[in-house]
Each structure stands twice: as structure tokens, then as C-alpha cells.
Amino acid sequence: MNHILNMQVATPEIFIFSMACLILMIDLYTHDRLPLLSYWLTQATLVAGIYLGLGGMGTEPVTTFNGMFIHDGMSVVVKLAIMLFTLIGLVYSRQYILDRGMYRGEYYVLVLIAVLGMMVMTSASHFLSLYLGLELLSLSLYTLVAINRDSDTAVEAAMKYFVLGAVASGMLLYGMSLMYGVTGSLDIKTISAAIQGMQSDDVMLMLGLIFIVVGLGFKLGVVPFHMWIPDIYQGAPTSVVLFIATAPKLAAFAMVIRLLVDGFQSIAVNWSDMLVILAVLSMALGNIVAIAQANFKRMLAYSAISHMGYFLLGIISANPNGYSASLFYMIIYAFTGLAAFGLILLMSRSGFEAENISDYRGLNREHPWYAFMIALVMFSMAGLPPTVGFYAKLSVIQALVDVNMISLAVIAVLLAVIGAFYYLRIVKTMYFDAPEAERTITTGLDARVLVSLNAVMLLAVMPWIGTIMDLCMSAIQSMG
Amino acid sequence: MRDEHAAEHAGKDWLWLAVLPLILFGYLLWEISRTPLPWQFQLEWVPSLELGIDLYVDGLSAQFLLLITGIGTMVLVYASGYMAHDRQAGRFYKLLLLFMVAMIGAVSADHMLVLFLCWELTSLVSFFLVGFKYTDEQARASARTALFITMGGGLALLGGLILLSQIAGTWSLQGVIAAGAGLHDDPRLPAALTLLFIGCFTKSAQFPFHFWLPNAMTAPTPASAYLHSATMVKLGVYLLARLDPAFNELLFWEITLIAVGTITATWAAVLALRERDLKRILARSTVSALGTLVLLIGLPGESSSLAVVAFLYAHALYKAPLFFVAGSIDHATGTRSIDHLRGLRRQMPFTAAAAMIASLSMAGLPLSFGYVAKSVASVAKAESELMALAGYGLLLVNAIAVAVAAVAAIRVFWGPANQAFDQVREVSWRMVLPPLLIAIIALEFEFIPTFADPVLVDAARAISTSNSFTPSFAEPQAGTMITVAEITLLIGVLLFVFWERLHRFLERFSILERFSCAGFFDRLLKGLPRLAAWHTRLLQHGRLDSYMRVTLLAMLGIASGAWLVIEPGWPGMPGDLGGWRDQAWSLGAAAVLIMAGALAAPFMHNRMALLMSIGLVGYGSAVLFLFAGAPDVAFTQFMVETVLVVVAVTVLTRYGVPIRYTEPRVRNALIAVAAGAGTFILLLQMFSLPADLGMPLWFAEKSLPEAYGQNVVNVILVDFRALDTFGEIVVVAFSAIAAWPLLRRKRKHGSNG
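So the sequences go chain by chain: A and B.
Under my numbering, the residue at position 26 of the first sequence is numbered 26, and the numbers go up by one with no gaps.
Under my numbering, the residue at position 194 of the second sequence is numbered 1194, and the numbers go up by one with no gaps.
Here it is as C-alpha cells:
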């Protein structure tokens, strides 16, 4: 079973890879005549990818490619979410990209390759395939951040992202090699079996674990490995930030699950202690520092840092309930982030980046509907009822209480209160301040309808929230 | 166009809206007389969260529902007069109706999460109502404060409710109450109750969270009367009363409630004497009344439950009219300051009548419902031994209540007329009817007790500990009661007479403001952005080198932390280092090169020299490789080092980067030394691992017979991993091709410019 080259379960990946190559070539010849062709081809690819991915729902876990690739319920759900969120994000950002002359075939090819990298990560059952997927994603992202070569801030952001990302990869590799030293294998299942009886006084095991956790911390962007996030969010084009802030977060969840849960569940006590520190620091710093930001994107960067802290709470509880709560949190967070950046893109137009909080003054007077949408997003981010953000926070906090980590739960709740401060400031700015300049919305109808739908879905009165929760639960349970 | 739209709204009469709560009110009364309480209702919502819309209406809930719909009707009638010329009246009504729904949900919910959801919704609506006049800076600040306190408290409540549901194993409030005393020994209970207290105390403006309520008086008066006196602020009291049967026996519960209630009641009453604004005086006295309610809930006796519901009713029925009166005066005269208000009875006779009747109740004088409430409360206090100290406090509280009632009814309406108010007219019937009606109903309750008794008794039974409890409004022992009432009245009248002098005396204590909870909150609110800005200056300033520094330090910190926790002991020197003695000289030379480069680097002030010294480190390691039997690696290393230095120097000169540079050398050097030491220890530890010789042996064994090559490294590169090598060559070739046009463009660019 293990060594059969079962390519069927990797169909979405293979398809997306082929299409990425194809689009690159097609764009070369049709770019001048049919400029939007690559956009539509990319969207079609993602739709087909989702269709192919849906075919894998509900099947038994399969390992293939010599144990490099695993197909299970978790990977299916995460991949579907990745493709869906990327698709929606591309709809939101089309006009933005066109307006700023960033429209090139490469943009979409890079996005597709990043998606491929995320999918490989999600299905990795081996350190090598995991690392491969991660680098595929990271390198595409570095390039995407710098896609607007003439922008100094974007290039600077890309440079920082690259250097710090390389350090992170180095740490992760260091950890993996130490683990290889301890267990003699890079296969996650084998490693898990090998460390079964090991105690936490095994120095090499612990140091390997530390390096891996640090590497993960970097990729997630939790304190104290968060330094890159605010600069990237502010410096990179908004359409790229939208992408970075959504789908890769789900891939990061998969990476955490593959490494910590599939690999090191038997020493969960140790890594969950480390994550507690990272989570508390992230929630505290993210929520407090966000208050001082005048730039909307930068504020959302700090909000992302704090959200990663909350996401970790579910992982910290180290049981399937907690993991599914974390998956749920991540999906909801990515979905909310999608709406947030989608609305920023909507407010931007040629020659104007709606990225300062002051740009939103009195939005309610001119565009009450979009002001309401932004308010919904902010409420969901802050975790206020009755938005989905509330259920997300509730589920991770409940996971903590279930394992009796009461003080951590209390800290999380108190920091959420501080967090509400800056989200509500946006609401205040939109509703109570006087408008400064005329705003016109130039974005196409499809993006406007979709972003409205996206934001309205954040209201949790609909029963879909329960469906997603059940989906997360069954995804985690099917990992075996 | 927008303005026309608004003008059209201004003309609209919203009075018909009052029919909605009125129908509900009537229906409730009818249903109560028909169907015995409690009523239950269940509906699935989010099954995976065990979240369902479970409603449970017992006596207490019914009492609240009557208040919400009854006073709600009156508030809508009043508002249709008060907001008649306000362009934003539509928004106001929407908020009020939304609030009503949330409130009804909150008091009839049995599922704790549903309760919480409605609870937070009321806070949100309150935020919008307090900040209703959003052009006013003060209103916005007050709205923000109110939101933070109540919403933050709500989140604490959420924590408490989650914990409570964990302890009791159910989300149902009735389930928790049924579990009751069985929960007392759970170690998590104190944490749960503390969070619960924070939630309830913030909502009901208890000390030290009391300051948001007086500030919230920036809301339009109908909203103040409704939210900030009659209903919303009583939610905290409601939840405490609801849970009282479960935790009444706990000393922690009892003492906290009595202490906080007494402090709040007394402190707020004293602060009421410092105010000049009629509405703020009423707000302070509301806080004081809420404190009294909390205190009554904390009392262990059986009759305290009756006292709670009676006082709750009485307060709602006298405070709402008084707020209405304050609003009418404001509406008619344009001021709420008691400095100017006097003799208004001539211009506003009906309003004055309403104020008089309501004040009777507030002062607790005979013939009013307030008198009944006060007498029941004194019975409850008499039953409790804990009351000795709190009793004196309450005497003062009641006395000040008398004084406040006198200010609202006598000072404002009697006395010589103020010339400035000659043109003042009585307000429209919409603003006269509600206060008068409510005040008269309150009087009814005293004269026709059969009308009010059943509801009150049902409510009291719902929150009493024993099931057999049959509350009744028995006449208290006349002797003590009358004495206490007389003393209270006497002090109250004295306070009223000396109000001005007391006011001036208290005014001098400006220190009260600086060290008050409000001041603390203010400083906290200003401090957070300052902290955030400080962090940004210190760490998040955009310089990559500093990010690296932080990263390295964090890494070192975590690793050494783990080291300290595990305490593995120092790794011993490895015994067998594979005959290094034979190459002692060459290895030594390499080591000297590396160390010289590393040690020199921190002392360089010149970027070129720095590059050279770092290059030295690279060359040293190349030498190391050379003698360790890996000449190919060594040559690669030489190459890379050379190219690196050349490229770096080229770039530096090309872009005119200054040659001299200043960096925090000592700090960086220390971090580098620490990182180096850490790596060294890690390396020593590595030797303790068993070497896995599987792969090298396999290659050594197979390279000659299978690939016909003597040099294992070469065989690996060109045979075993030929495809990898090919791929690498392709990558290098592609990069070269890609670099070519870039380089050419650069050159052209250079020649042009």
C-alpha cells in the first residue's frame, strides 16, 4: 500500500501544476490580444481544482508517493478552503491589479504555484515534501510581494520577507535535521513511532522540537517571530496582502497539524507549553500595538498576529476537539480576512490606496452599505456576537476550558477586550467622523456582490456555521 | 437630496410604534392570569455548539417582561414628543425596538449563551444610544467608556458562564440552579463566580465600574429612562438574583455582594450630592439603588427575595417618571442645571404633579409603593446579622434618596419663579402622560395590593432558596420601622435644607476626580496607545538588522530556557575525534583564520574591512574542509567566499553606501558570542547521538561494483543522483539566461544616465 504510486489522490495538485505551466506559456503569446485570458484561465483552473478536490471527500486515508504524500479528511477540507479562498481573493483583486499595471500573466501563475505549494504542504507526510511545499509557497510569495518592482516599499518588504523567511526555513531545517539525528528518519509516521517512548529529558529531541516550533512560529507570524508581518502587510500591494492573509494561514494550520500532531503528539506536553508562551505574547502584543496604528493594513497585520495567538489556543489543548476548534478558527479568520481586504480593495481605486484609517472617515454618509459591511467585518474580527468571529473565539476558548487551562482562557478573554478597542475605532471613524473627500467605487459588479455576500455571511444567524463546525470535526477525526 | 430625505423623516409621527409593546404587555398580563408560570420553549439553533434557543419564563422573568414592555410603551409615547423635531428620530426608534427585543431575549433565555448574546446586544445598542448625538465630543467619549465597560464585562461574563456550564455540565440556567449546592466544592467555582461578578457589576454599574452610568446620561432622555434606569442596568441584578438560589449559601457570594452593594450604594449617594445636573443626580441615585439591590440579593434571609423584587419594581416605577420629568424640563427650559431651575410648577403643573407623586415613592413615604418596598427591605435586614455595619450606610443612602427626591420635586417646582422661564410652556400630552401614568400606577400598587401581589410573589418565589417559601407583605413591627423611617426622613430633610452648603463642601474635594475609577480608566485608555507607540519605536521600526537581533535573542532565550528546564548537565568532551592529532597543524591554522576573522569583525568601522574579515572566516572553513578530506567542498567554499566579497563590494560602491558605519557593536558582539556558545554546546550534544552510517556505507559499497567509479562523491553526483545534478545545471543555466537581459538593461541604463 505504502509504495504504490497512487497518483489519483493527487489529481488536484497535478492538474493545478499543469495548468500553471500552461497559463505561463499561453500568456506569453496572448497577453497583448486577450489580456484577461490568464485571469479567467486561472479562475477556471481553481474551479476545476475544487471540483477535483470534492471528489476526494469522504474517502479513506491513503498514503502514496513512497510515503511522501497523504490524503485524508483534513487535507481535503483544507485544500478546498485554500482553493476557494484564493478564487474569491482573485475576484476581489482583479480591478486593483489592472489599475496599478501589475497585471501580468506571472501574477496568476505565481498564485497558482503558491496554491500548489500549500496543497503539497497540506498533504505532506514526510519532512521533505513538507519543506518542498513550504518553499514553493514562500518563494512565490516573496516574488508576489515584489511584483510591483517600481514601488520602493514593496521591494523593501519583499527583501525583509525573504531574509526573515530564509532564517525561518533555516530554523525549521535545523530542527528537522536534529529530529533526523534522533530518530533516523524523515518520515513523519516513522518519527512519531520512534519517539513514542522518549522522555522530555532527551536534550536532542527537545532542541529539535524547539527549532521546529520556532520555524512554525515564524511562518505563522507569532511573537517574538512576528517582525516581518507588519512591514509586509503595509508595504506589499493590497491584493498580495489579501492573498498572504488568507489561504496560507490554512496551509500553516496544516503544517502545524502535520508536524506537531502527526509527528509529535506523544510529546504534546512539551510543545504545548512552548505554544502557551507564544500564544500569550502574540495575543498581548498584537492587540495592544494595533491600537497605535494609523494604517489600516498595518493594523490588520497586528490583528493577524493576535489572531494567530488565538488560533494556537486550540492547538495548545492538544486534543482532537481543540484541533478542530483551531481549524474552525482559521477558516473563519481567513474568511473574515478575505472580506476585510476585499473591502479595502473595493475602496481603493486608481491612484488611491484606501489604506489609512483616516481614509474611512464618514464612509457611512456616502456608502452606508459598505460601511455596514466593514462594521460587520470588524465585529467579526473582534469576536463580538452575533458574528462568526464570536463562535470562532468561543470554540477555541471552550477547548481550553475543557482541558482545565482556565487562567489562559481568562487571559485570552481579557486581551480580546483590549482587541475590541481598535476594531471599534474603525467603526467609530466610519460612522461618527466627518468625511473628507469624495469616494467613488470603481470595482466591478462581481467583486461588489461577492464581497457583500462574504461580509453578510459573517453574521452567524445562518445554520451554515454549524455545518462548517461539523466539517472541521470530521476532518480532524478522519486523520486516524 | 439627503437633507430632503431627512426632513421627510422629521415630519413622521412614530407614535403608532408604541402599539407594538403595548400589545405585548397586554398579552403578557392576559397570559399570566391564564397559564401558570413557568413557561418553557425550545428551538434548535446550532446543534454542534449545543446552542439552542431555550426560553424559560418564571416569575422573575415575567416581572422583567412586564417592566420591559410596559415602560417600553411609555418610553415610545414619550419619545414621540421628545424627538418630534429630531431628524434622526427614525434611527432612535429602530435602536429602541432592537433593544427591546434583546432585553426580552435576555430575561427569558434559559440557555446561558443566548443570555450572553442578548446581553451583549443590549450593550451595543446602549453604545449607539449614548453616542446618539455623535457630533458631541463628550457624548462620543461617554459612549466609548460605556461600551468598554459593559462589553468588556460581558466578555468576562462569557468566561464565567462557560466555566459554570463546565462545572454544572449543562448550558441551562435552571440546570445550574438545580445543581445548586452540589457545585460548591468545585475548585473552579471561585474563578467562575469572579468572572460572573465582573460581568454583572459592570452591567449594573457597581463599584468600581460605576462611573460609566452618570456619563451615559448624554443619551436622549427617553433612552436614559429606559436603558439606564429601568431595564438594561438591572440585567446584572437580574442574573445575580436568578443565580442566588444556587450560591446563596456560599460565604464568598454573600460577602462579595453585600460589600460591593454597600460600597456602591453609599459612595454613589455621596457623589450625588456633588452634582448640579438634574439628570446626573438621578443617575447617581440610580447607581445607589442598584447597589442596594445587589446588597439585598446578598442577604441570606428568605424575605430578602421579596425585598429584592419589591424594590426593583418600586425603583423602576419611580425613577422612570423622574427621568421623564428631567427630560421634559430640559425640553421646555433648555437646561438641566438645578442652579436655575425653580418655581416651575406654574408653567408645568402636570409635570410637577408627576414629579411629586414619583418623589413620594422615592422618599419611601407612606401611601406610596416605595414605602412598601422599604418596609419589606427593613424586614429582610432585620433577619440578617451581617447588616450591623451596612445598616448605617443604608440609613445614609435612604436619607440622601429622600433629599434627591426633594430636589426633584420641591426645589425645581416650588419656590420663587425664575424670570428667565416666563415663556416656558407645559410640554405636550405625549410627554406628560407617561410619567403621570407610571407614577399613578405605582400608587395603585399600594392601594390595591391584590393587583400587584401575584406577580411580585411569583417573582420572589423564583429567586428564593426554598420551594416552600410563601412570601407575603406582612406588616413589619411597627415600632422599629417607624423609628428608622423617621430618622431617615429627618436626615433627608436636613440634607435637603443644607444641600448647597454640602455641595460646596464636597466640591472642594477635586481629588475625588483625579483618583476616581473614571480617572484610572481614562489613564489606562490613554496609556495603551502610548505603550503601543513605545513598542513601535523600540522594536518595529522597519530595520531588518534589529529584527534579526530580536529573532536571535528569542531563539537563544527559548533554547536556554529549555536547557534550564531539562537540566541535562554539561555534555562531556567527545572522546574519539578521529585522529585529529595527525592534522593538528593544519586544523590549528584553519582555526586561527576563522577566529581571527570572527574576532576582528566587531572592531571594524569600515564596511570593506568588515567584508574582508568575514571572508576570512569563510576561507578558514574552506581550509578546514580541505584537510578534512573534502577538497571539492573546500573549493566551492573558496569560490563562494570570493564571489560574495566581490559582489558585495561592487554593490556597495555602485550604490554609494557609505564606507564607514556605526552599529551597536558591543550588543551585537554579545549576542553573537551567546549564539556561538549555544551552537557549540549543541554540537557537543550532537556527539552523543549514535552515528547513522547506513547511507555512507551503502554508497561506499555500491559505487565501484554498480557505477564503476572510484570517487564516491563523483559517483553520487553523476550517477546515483544524476537527475538532481542535471536539474541543478538547468537551474543555473536558466538563471544565467534570465540574468543576461537584466544585466544588459542595467548597462544601457548606466550609459544613458
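Glycine included, each C-beta is placed from N, C-alpha and C at the ideal position.
Since this is a predicted model, take the numbers as computed values, not measurements.
Bridge partners of Leu459 (chain A), per DSSP?
Here residue 459 (chain A) refers to the residue found at position 459 when the first sequence is read from its first residue. According to DSSP, Leu459 (chain A) bridges with A:Thr387.
Here's a check: name, in chain order, each residue in its chain whose Cβ is nearer than 6 Å to the Cβ of Ala1373 (chain B), leaving out the five neighbours to either side.
Position 373 of the second sequence, counted from the start, is the residue given in the question as residue 1373 (chain B). Taking C-beta separations shorter than 6 Å and ignoring five residues to either side along the sequence, the partners of Ala1373 (chain B) in its chain run Ala1310, Phe1311 and Ala1314, following chain order.
Excluding sequence positions up to five away, which residues of its chain have a Cβ less than 6 Å from the Cβ of Leu345 (chain A)?
Counting from one through the first sequence, the residue named residue 345 (chain A) turns up at place 345. Only Tyr92, Ser93, Tyr96 and Thr238 meet the Cβ criterion.
Segment contact flag, the segment 217-224 of chain A with the segment 246-266 of chain A, C-beta cutoff 8 Å, min 3 pairs
yes
Give a yes or no on whether the minimum CB-CB distance between Asp231 (chain A) and chain B is below 8 Å.
What you label residue 231 (chain A) is simply residue 231 of the first sequence in a count that begins at 1. At a cut-off of 8 Å between C-beta atoms, Asp231 (chain A) counts as an interface residue with respect to chain B.
Can you find a C-beta in chain B that's less than 8 Å from the C-beta of Leu164 (chain A)?
Residue 164 (chain A) sits at position 164 when you count from the first residue of the first sequence. Yes, because at least one Cβ of chain B sits closer than 8 Å to the Cβ of Leu164 (chain A).
Pop quiz: Leu1317 (chain B) and Ser1375 (chain B) are said to be a contact at Cβ under 8 Å. What is the actual Cβ separation, rounded to whole angstroms?
As a working note, residue 1317 (chain B) is residue 317 in the second sequence. As a working note, residue 1375 (chain B) is residue 375 in the second sequence. Not confirmed; about 16 Å, so no contact.
Closest Cβ-Cβ distance between Leu37 (chain A) and chain B: below 8 Å?
In the first sequence, residue 37 (chain A) corresponds to position 37, counting from 1. So, not an interface residue.
Secondary structure of Lys1012 (chain B), DSSP reduced to three states
Position 12 of the second sequence, counted from the start, is the residue given in the question as residue 1012 (chain B). Lys1012 (chain B) carries a coil assignment under DSSP once its states are collapsed to helix, strand and coil.
Alpha carbon to alpha carbon, what distance is there between Leu260 (chain A) and Ile191 (chain A)?
In the first sequence, residue 191 (chain A) corresponds to position 191, counting from 1. In the first sequence, residue 260 (chain A) corresponds to position 260, counting from 1. Rounded to whole angstroms, Ile191 (chain A) to Leu260 (chain A) spans 11 Å at the Cα level.
Which residues does DSSP list as the beta-bridge partners of Thr64 (chain A)?
Within the first sequence, residue 64 (chain A) is the residue found at index 64, counting from 1. Thr64 (chain A) is bridged to A:Phe69.
Quick check on Ala518 (chain A) - is its C-beta less than 8 Å from some C-beta in chain B?
Residue 518 (chain A) cannot be examined here, being either before or after the span of chain A that is shown, 1 to 480.
Can you give the Cα-Cα distance for Gly1479 (chain B) and Ser1378 (chain B), rounded to whole angstroms?
Position 479 of the second sequence, counted from the start, is the residue given in the question as residue 1479 (chain B). Position 378 of the second sequence, counted from the start, is the residue given in the question as residue 1378 (chain B). With a pLDDT of only 49 at Gly1479 (chain B), under the threshold of 50, the placement of this residue in the model should not be trusted; the figure read from the coordinates follows. The straight-line gap from Cα to Cα measures roughly 12 Å.
Could you tell me the boundaries of the beta strand (DSSP E) in which Tyr1056 (chain B) lies?
Here residue 1056 (chain B) refers to the residue found at position 56 when the second sequence is read from its first residue. Note, Tyr1056 (chain B): beta strand (DSSP E), Leu1051 to Val1057.
C-beta contact flag for Ala1760 (chain B) and Ile1071 (chain B) at 8 Å:
Residue 1760 (chain B) cannot be examined here, being either before or after the span of chain B that is shown, 1001 to 1753.
Could you check which residue in B:Ala1283, B:Leu1239 and B:Ala1141 has the C-alpha nearest to that of Ala1230 (chain B)?
Start at 1 with the first residue of the second sequence, and residue 1230 (chain B) comes out as number 230. Nearest option by C-alpha distance: B:Ala1283.
Could you check whether Met119 (chain A) and Tyr160 (chain A) sit closer than 8 Å to each other, using their CB atoms as the reference points?
Along the first sequence, one-based indexing puts residue 160 (chain A) at 160. Along the first sequence, one-based indexing puts residue 119 (chain A) at 119. In the sequence on display, residue 160 (chain A) carries Lys and not Tyr. Not a contact, by the Cβ cut-off of 8 Å.
Taking the alpha helix (DSSP H) that Asn1714 (chain B) belongs to, which residues open and close that run?
Working through the second sequence from its first residue, we reach residue 1714 (chain B) at position 714. Membership of Asn1714 (chain B) in the alpha helix (DSSP H) is indicated by the continuous run Val1712 to Val1715.
Contact check, Phe1625 (chain B) vs Val1633 (chain B) under 8 Å by CB: the rounded distance?
Residue numbering aside, residue 1625 (chain B) sits at position 625 when the second sequence is read from its first letter. Residue numbering aside, residue 1633 (chain B) sits at position 633 when the second sequence is read from its first letter. Confirmed, Cβ separation roughly 5 Å.
Please decide whether Ala409 (chain A) counts as near chain B, where near means a Cβ-Cβ distance under 8 Å.
Translated into the one-based positions of the first sequence, residue 409 (chain A) becomes position 409. Taking Cβ atoms only, chain B reaches closer than 8 Å to Ala409 (chain A), which makes this a yes.
Restricting to Cα atoms, I'd like to know which of B:Leu1610, B:Leu1502 and B:Ser1464 is closest to Ile1177 (chain B).
Numbered from 1 along the second sequence, position 177 holds the residue referred to as residue 1177 (chain B). The option with the nearest alpha carbon to Ile1177 (chain B) is B:Ser1464.
With DSSP as the reference, label Glu1044 (chain B) as helix, strand or coil.
Here the question's residue 1044 (chain B) lines up with position 44 in the second sequence. Strand at Glu1044 (chain B).
Strictly below 9 Å CB to CB, what residues from chain A border Leu1528 (chain B)?
Here residue 1528 (chain B) is taken as the residue at index 528 of the second sequence, counted from 1. The answer, in chain order, is Ile288, Ile291, Ala292, Ile418 and Phe421.
Between Pro12 (chain A) and chain B, is any beta-carbon pair separated by less than 8 Å?
The residue given as residue 12 (chain A) occupies position 12 in the first sequence. Not an interface residue.
For Ala1478 (chain B), would you say it is in contact with chain A, using Cβ-to-Cβ distances shorter than 8 Å as the test?
By 1-based counting over the second sequence, the position of residue 1478 (chain B) is 478. The predicted model places Ala1478 (chain B) with a pLDDT of 48, which falls under 50 and marks its position as unreliable, so this point remains unresolved.
Whose CA, out of A:Val388, A:Ser272, A:Asp202 and A:Asp72, lies closest to the CA of Pro463 (chain A)?
One-based indexing of the first sequence puts residue 463 (chain A) at position 463. Of A:Val388, A:Ser272, A:Asp202 and A:Asp72, the residue nearest in Cα terms is A:Val388.
Check the Cβ-Cβ distances between Gly1618 (chain B) and every residue of chain A, and say whether any is below 8 Å.
What you label residue 1618 (chain B) is simply residue 618 of the second sequence in a count that begins at 1. Not an interface residue.
Reducing DSSP to helix, strand and coil, say where Asp1110 (chain B) ends up.
Within the second sequence, the letter at position 110 stands for residue 1110 (chain B). Coil, per DSSP.
Quick one: using the 10 Å Cβ neighbour count with 16 as the cut-off for buried, is Gln1477 (chain B) buried or exposed?
Locating residue 1477 (chain B) in the second sequence gives position 477, where the first residue counts as 1. Low local confidence applies: a pLDDT of 49 at Gln1477 (chain B) is under 50, so the model's placement there is unreliable, with the coordinate-based value given in what follows. Exposed, since its Cβ has fewer than 16 Cβ neighbours within 10 Å.
Could you please give me the residues that DSSP links to Trp1039 (chain B) through a beta bridge?
Taking the first residue of the second sequence as 1, we reach residue 1039 (chain B) at position 39. For Trp1039 (chain B), which the question treats as bridged, DSSP gives the partners B:Val1057.
Nonlocal neighbours in the same chain, by C-beta distance under 6 Å from Ser1108 (chain B), ignoring five residues either side
As a first step, residue 1108 (chain B) must be located in the second sequence, where it is residue number 108. Contacts found: Leu1055, Val1057 and Ser1061.
For Phe127 (chain A) and chain B, any beta-carbon pair shorter than 8 Å?
The count along the first sequence starts at 1 and reaches residue 127 (chain A) at position 127. Phe127 (chain A) does not count as touching chain B.
So, is the C-beta of Val1550 (chain B) closer than 8 Å to a C-beta in chain A?
Taking the first residue of the second sequence as position 1, residue 1550 (chain B) is located at position 550. Among the CB atoms of chain A, one or more fall inside 8 Å of the CB of Val1550 (chain B).
Cβ atoms of Asp1136 (chain B) and Ile1167 (chain B): under 8 Å apart, would you say?
Counted from its first residue, the second sequence places residue 1167 (chain B) at position 167. Counted from its first residue, the second sequence places residue 1136 (chain B) at position 136. Against a cut-off of 8 Å, the Cβ pair of Asp1136 (chain B) and Ile1167 (chain B) comes out as no contact.
Proximity to Val1407 (chain B) [Cα-Cα], best of B:Tyr1392, B:Ala1485 and B:Leu1344
Within the second sequence, residue 1407 (chain B) is the residue found at index 407, counting from 1. Among B:Tyr1392, B:Ala1485 and B:Leu1344, the Cα nearest to that of Val1407 (chain B) is on B:Leu1344.
Counted within 10 angstroms of its Cβ, other Cβ atoms place Tyr965 (chain B) as buried (16 or more) or exposed
The requested residue 965 (chain B) does not occur in the structure, where chain B is confined to residues 1001 to 1753.
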